[in-house]
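Below you'll find the structure, written out as structure tokens, and then a few comments.
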Amino acid sequence: MLAVVGTVPDPDIPVIQGYVELKDSKLYVDGTEIDINRGTPALLASTASLLDYLQKGPVYAFLAGDVGLGHGSRKLYSHLSATIRDYSFQTLVFHYLLPDVDHHLKVLMAMQEMNPHPLLIADAGFMYAAKMSGESGKYDLFTPDVGELAFLADENAPHPFYTRGFILAEENKTPELIQRAYNHDNAAGYLLVKGRQDYVASRQGIIETVDSPMVEALEAVGGTGDMLTGLVSALIDSGLEMEKAMGLAARINRTTGLLADPTPAFQIKDIMRHIPEAYDRVINRPD
Amino acid sequence: MFRRFFQRKKPAKEQERSGIPCGILVFENTSEVIRAEKLIKEQGFSIKVKGPPPQIRTGCDLVIEFQLIEQLNIKRLLEENKVDVEKILPVKDYLLKPVDLYSIKDYGDYLMVRAANMKITIDKASRTVVNISGGGCPDVPFLARELIGTKLGQGPSPREMGHTLCGYALELAYEEMKRLCSQ
Numbered sequence: 000m001l002a003v004v005g006t007v008p009d010p011d012i013p014v015i016q017g018y019v020e021l022k023d024s025k026l027y028v029d030g031t032e033i034d035i036n037r038g039t040p041a042l043l044a045s046t047a048s049l050l051d052y053l054q055k056g057p058v059y060a061f062l063a064g065d066v067g068l069g070h071g072s073r074k075l076y077s078h079l080s081a082t083i084r085d086y087s088f089q090t091l092v093f094h095y096l097l098p099d100v101d102h103h104l105k106v107l108m109a110m111q112e113m114n115p116h117p118l119l120i121a122d123a124g125f126m127y128a129a130k131m132s133g134e135s136g137k138y139d140l141f142t143p144d145v146g147e148l149a150f151l152a153d154e155n156a157p158h159p160f161y162t163r164g165f166i167l168a169e170e171n172k173t174p175e176l177i178q179r180a181y182n183h184d185n186a187a188g189y190l191l192v193k194g195r196q197d198y199v200a201s202r203q204g205i206i207e208t209v210d211s212p213m214v215e216a217l218e219a220v221g222g223t224g225d226m227l228t229g230l231v232s233a234l235i236d237s238g239l240e241m242e243k244a245m246g247l248a249a250r251i252n253r254t255t256g257l258l259a260d261p262t263p264a265f266q267i268k269d270i271m272r273h274i275p276e277a278y279d280r281v282i283n284r285p286d
Numbered sequence: 000m001f002r003r004f005f006q007r008k009k010p011a012k013e014q015e016r017s018g019i020p021c022g023i024l025v026f027e028n029t030s031e032v033i034r035a036e037k038l039i040k041e042q043g044f045s046i047k048v049k050g051p052p053p054q055i056r057t058g059c060d061l062v063i064e065f066q067l068i069e070q071l072n073i074k075r076l077l078e079e080n081k082v083d084v085e086k087i088l089p090v091k092d093y094l095l096k097p098v099d100l101y102s103i104k105d106y107g108d109y110l111m112v113r114a115a116n117m118k119i120t121i122d123k124a125s126r127t128v129v130n131i132s133g134g135g136c137p138d139v140p141f142l143a144r145e146l147i148g149t150k151l152g153q154g155p156s157p158r159e160m161g162h163t164l165c166g167y168a169l170e171l172a173y174e175e176m177k178r179l180c181s182q
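Here you go:
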């Protein structure tokens, strides 16, 4: 089973956990209704949508309300440090949490006691914390956008906000940035880099690039990157080989955008309802 | 459509200080830094927002660099305005410079500005914020919810509501968008 860890933008939501139910464009976890905006709810919704369509079982979630002050994130880190070793998940996906090196290391230590050891995927704030801790190599997959890749490539930056100017977050620099991130041990086993052209890479180099269909407006729409992380997580957990899952997820994500025909003003929930149709289209017409 | 990167020219007073003893103000979270920055700048003190030295870094934090000679005045100002400073330290190590690169994408009816890992998109005709994307800190979904649908410069700003470095980067993108729209 796959579990997702992240925050939701409501300070009144305590640490909650449970199976995810997706109904009428709303998420429900432990009886709490969660709006599908961007961030972790968008990741959860895309993962749940695809796994549900594939009939590959439920998604589990560990969530806490946090609007940026870090209170919910820290409670969630502490909860995981204390309890995660008692669970058995095939895949664990970490997402929007306030980056905190000490808390991240405690969670990582607890996860190392899990048996069997889950496949670890990180994105967003938790990925920042993993890189800042110098423990990127303990993760199986990071899913940065180009700006976040530049941050991974800058061995001195503790957050994308401090990426040095000479490490330009430009699309045509992506192969160079991937190499630099691996040279400084600041990348996970695999990277799925989200951009105009999506890159599937490992320490051995670039495995595949995906650049079609091209939907220009998607870059402006908040949550499309979260959707891609959700899709690749679902495919991996469904049993697909990692390298295959990354390229396939990139195609499904782009096709989902194509089917929605968005403007830059679209919201993610209007796009992700096309996931099942996009999956079918990509599977049936792989090229 | 076009895309370009540019770096704003810094005013002379923002150029690197040399040889002036500096200290840093450390706060519990980034929203306190933003409050303090606004307050101190309004009083005309010369300060810069930077990344903390490695020994006190947690991964998502900012500090305010100031000239040590102004310590008492700044401390008093913050106390009078009930802004809690966690620590005041002399600068002994290098401080990180925030990103000052922006990129712009013109979609015809819409305009997008990116600062660091944060992007904001507006409808050009109405100057309404239509999307926020990027980022990885927990205030991003909250800021998006509060900002989408507001008119640029007329609603709440990321500065007033953000708490993290992603929130601060969004503030930079928001201000850059305002600057572009005023040209």
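From first to last, the protein sequence lines stand for chains A and B.
Residue numbering for the first sequence follows numbering that gives the first Met the number 0, starting at 0 and increasing by one per position.
Residue numbering for the second sequence follows numbering that gives the first Met the number 0, starting at 0 and increasing by one per position.
Ideal Cβ placement from N, Cα and C applies to all residues, glycine included.
If the cut is a Cβ gap below 7 Å, which residues of chain B does S201 (chain A) touch?
Counting from 1 along the first sequence, the entry for residue 201 (chain A) is found at position 202. Near S201 (chain A) there are no residues of chain B at all, since even the closest Cβ is about 22 Å away, more than 7 Å.
Kindly indicate which three-state DSSP category M117 (chain B) falls into: helix, strand or coil?
Here residue 117 (chain B) refers to the residue found at position 118 when the second sequence is read from its first residue. In the three-state reduction of the DSSP assignment, M117 (chain B) falls in the strand class, which pools E and B.
Counting only the same chain and skipping the five closest in sequence on each side, list residues whose C-beta sits under 8 Å from that of M176 (chain B).
Here the question's residue 176 (chain B) lines up with position 177 in the second sequence. Counting only Cβ-Cβ distances below 8 Å, and skipping sequence neighbours, we find L110, V112, I119, I121 and L151.
Leaving out five residues on either side along the sequence, give the residues of the same chain with a beta carbon under 7 Å from the beta carbon of R34 (chain B).
Sequence index remark: in the second sequence, residue 34 (chain B) carries index 35 (1-based). Same-chain partners within the cutoff: V82.
For P159 (chain A) and V58 (chain A), I'd like the C-alpha separation in whole angstroms.
Against the first sequence, residue 159 (chain A) aligns to sequence position 160. Against the first sequence, residue 58 (chain A) aligns to sequence position 59. Looking at the backbone, the Cα of P159 (chain A) and that of V58 (chain A) are separated by about 30 Å.
Note down, in chain order, all residues in the stretch 134-160 of chain B with a beta-carbon under 7 Å from any beta-carbon belonging to chain A.
Listed by position along the chain: G135, C136, P137, D138, V139, P140, F141, A143 and R144.
Please confirm if V106 (chain A) has its CB atom under 7 Å from at least one CB of chain B.
For the purposes of this step, residue 106 (chain A) is identified with residue 107 of the first sequence, where counting begins at 1. Taking Cβ atoms only, chain B never reaches closer than 7 Å to V106 (chain A), which makes this a no.
Distance check for K123 (chain B) and G107 (chain B), CA to CA, integer angstroms please.
To locate residue 107 (chain B), count along the second sequence from 1; it is residue 108. To locate residue 123 (chain B), count along the second sequence from 1; it is residue 124. Their Cα atoms are separated by approximately 8 Å.
Bounding residues of the alpha helix (DSSP H) (the contiguous stretch that carries L43 (chain A)):
Start at 1 with the first residue of the first sequence, and residue 43 (chain A) comes out as number 44. Here the alpha helix (DSSP H) through L43 (chain A) covers T39 to Y52.
I'd like to know if I19 (chain B) contacts chain A, where contact means its C-beta is closer than 7 Å to some C-beta of that chain.
Taking the second sequence and counting its residues from 1, the one referred to as residue 19 (chain B) is at position 20. When Cβ-Cβ separations below 7 Å define contact, I19 (chain B) makes no contact with chain A.
Classification of Q203 (chain A) by the beta-carbon crowding that lies within 10 angstroms, buried from 16 upward:
By one-based count along the first sequence, residue 203 (chain A) stands at place 204. Sixteen is the threshold: since fewer than 16 other Cβ atoms of the shown chains lie within 10 Å of the Cβ of Q203 (chain A), the residue is exposed.
Pair every Cβ in the stretch 82-91 of chain B with every Cβ in the stretch 117-134 of chain A, then say whether three or more of these pairs are closer than 8 Å.
Contact between the stretch 82-91 of chain B and the stretch 117-134 of chain A is absent: fewer than 3 CB-CB pairs across the two stretches fall below 8 Å.
Can you pull the chain A residues whose beta carbon is under 9 Å from the beta carbon of M111 (chain B), in chain order?
Along the second sequence, read from residue 1 onward, the residue named residue 111 (chain B) stands at position 112. Counting only Cβ-Cβ distances below 9 Å, M111 (chain B) has contacts in chain A at E218, A219 and P263, in chain order.
By alpha-carbon positions, which one of A:E175, A:G164 and A:G5 ends up nearest to K74 (chain A)?
Here the question's residue 74 (chain A) lines up with position 75 in the first sequence. Closest by alpha carbon: A:G5.
Collapsed DSSP secondary structure at E175 (chain A) in the structure displayed:
Locating residue 175 (chain A) in the first sequence gives position 176, counting from the first residue. In the structure shown, the three-state DSSP call for E175 (chain A) is helix.
For P292 (chain A) and chain B, any beta-carbon pair shorter than 7 Å?
Since the displayed chain A opens at 0 and closes at 286, residue 292 (chain A) lies outside it and no answer follows.
Buried or exposed: where does G164 (chain A) fall if 16 or more other Cβ atoms within 10 Å of its Cβ makes it buried?
Sequence index remark: in the first sequence, residue 164 (chain A) carries index 165 (1-based). That one is exposed.
Helix or strand or just coil, what does DSSP make of S72 (chain A)?
One-based indexing of the first sequence puts residue 72 (chain A) at position 73. Correct three-state label for S72 (chain A): helix.
Could you round the C-beta distance between V66 (chain A) and D138 (chain B) to whole angstroms and report it? I think they count as a contact, below 8 Å.
Counting from one through the first sequence, the residue named residue 66 (chain A) turns up at place 67. Counting from one through the second sequence, the residue named residue 138 (chain B) turns up at place 139. Beta-carbon to beta-carbon, V66 (chain A) and D138 (chain B) are separated by about 6 Å, close enough to satisfy the 8 Å threshold.
Which residues in the same chain as R219 (chain B) place their Cβ atom closer than 6 Å to its Cβ, once the five residues preceding and following it in sequence are excluded?
Here chain B comprises residues numbered 0 to 182, so residue 219 (chain B) is not present and cannot be evaluated.
Nearest candidate by alpha-carbon position, reference I19 (chain B), set B:L61, B:Q42 and B:E69:
By 1-based counting over the second sequence, the position of residue 19 (chain B) is 20. It is B:E69.
Please report the residue range of the alpha helix (DSSP H) in which C59 (chain B) lies.
For this step, residue 59 (chain B) is matched to residue 60 along the second sequence. Counting along the chain, C59 (chain B) falls outside any alpha helix (DSSP H), and DSSP gives it neither H nor E.
Enumerate in chain order the residues of its own chain whose CB-to-CB distance from Q196 (chain A) is below 6 Å, with the five nearest sequence positions on each side excluded.
Within the first sequence, numbered from 1, the residue matching residue 196 (chain A) stands at position 197. So the list reads T208 and D210, once near-sequence residues are dropped.
Span separating the alpha-carbon of L257 (chain A) from that of N72 (chain B):
For the purposes of this step, residue 257 (chain A) is taken as the residue at position 258 of the first sequence. For the purposes of this step, residue 72 (chain B) is taken as the residue at position 73 of the second sequence. Rounded to the nearest angstrom, the two C-alpha atoms are 58 Å apart.
Output needed for I46 (chain B): all residues of its chain with C-beta closer than 6 Å, excluding positions within five of it in sequence on either side, in chain order.
Along the second sequence, one-based indexing puts residue 46 (chain B) at 47. Only I39, I63 and F65 meet the Cβ criterion.
Going by DSSP, which residues form a beta bridge with C136 (chain B)?
Indexing the second sequence from 1 puts residue 136 (chain B) at position 137. C136 (chain B) is not bridged to any residue.
Under a CB-based cut-off of 7 Å, is P52 (chain B) close to chain A?
Taking the first residue of the second sequence as 1, we reach residue 52 (chain B) at position 53. False, the Cβ-Cβ gap to chain A never drops below 7 Å.
Could you tell me whether the Cβ of R288 (chain A) comes closer than 7 Å to any Cβ of chain B?
Nothing can be reported for residue 288 (chain A): it is not among the residues displayed for chain A, which extend from 0 to 286.
Classify P115 (chain A): buried if its beta carbon has 16 or more other beta carbons within 10 angstroms, exposed otherwise.
Translated into the one-based positions of the first sequence, residue 115 (chain A) becomes position 116. That one is exposed.
If we count Cβ pairs, one from each stretch, closer than 8 Å, do we get three or more for the stretch 237-249 of chain A versus the stretch 96-109 of chain A?
Result no; under three Cβ-Cβ pairs closer than 8 Å.
Of the residues A:E20, A:A123, A:M241 and A:Q89, the one placed nearest M110 (chain A), counting alpha carbons only:
Translated into the one-based positions of the first sequence, residue 110 (chain A) becomes position 111. Answer by Cα proximity: A:Q89.
Within 7 Å, strictly: CB atoms of L26 (chain A) and L42 (chain A)
Counting from 1 along the first sequence, the entry for residue 26 (chain A) is found at position 27. Counting from 1 along the first sequence, the entry for residue 42 (chain A) is found at position 43. Not a contact, by the Cβ cut-off of 7 Å.
For I131 (chain B), go through chain A and note every residue whose CB falls closer than 7 Å to its CB, in chain order.
Your numbering for residue 131 (chain B) matches position 132 in the second sequence. Under the 7 Å cutoff, chain A gives G221.
Tell me whether G133 (chain B) is buried or exposed, calling it buried when 16 or more other Cβ atoms sit within 10 Å of its Cβ.
For this step, residue 133 (chain B) is matched to residue 134 along the second sequence. Within 10 angstroms of the beta-carbon of G133 (chain B) lie 16 or more other beta-carbons, which makes it buried.
Within-7 Å CB hit, F160 (chain A) to chain B:
For the purposes of this step, residue 160 (chain A) is identified with residue 161 of the first sequence, where counting begins at 1. Put simply, the CB of F160 (chain A) is near chain B, with a gap under 7 Å to one of its CB atoms.
V48 (chain B) vs E85 (chain B) beta-carbon contact at 7 Å
Within the second sequence, residue 48 (chain B) is the residue found at index 49, counting from 1. Within the second sequence, residue 85 (chain B) is the residue found at index 86, counting from 1. Going by C-beta atoms, V48 (chain B) is not nearer than 7 Å to E85 (chain B).
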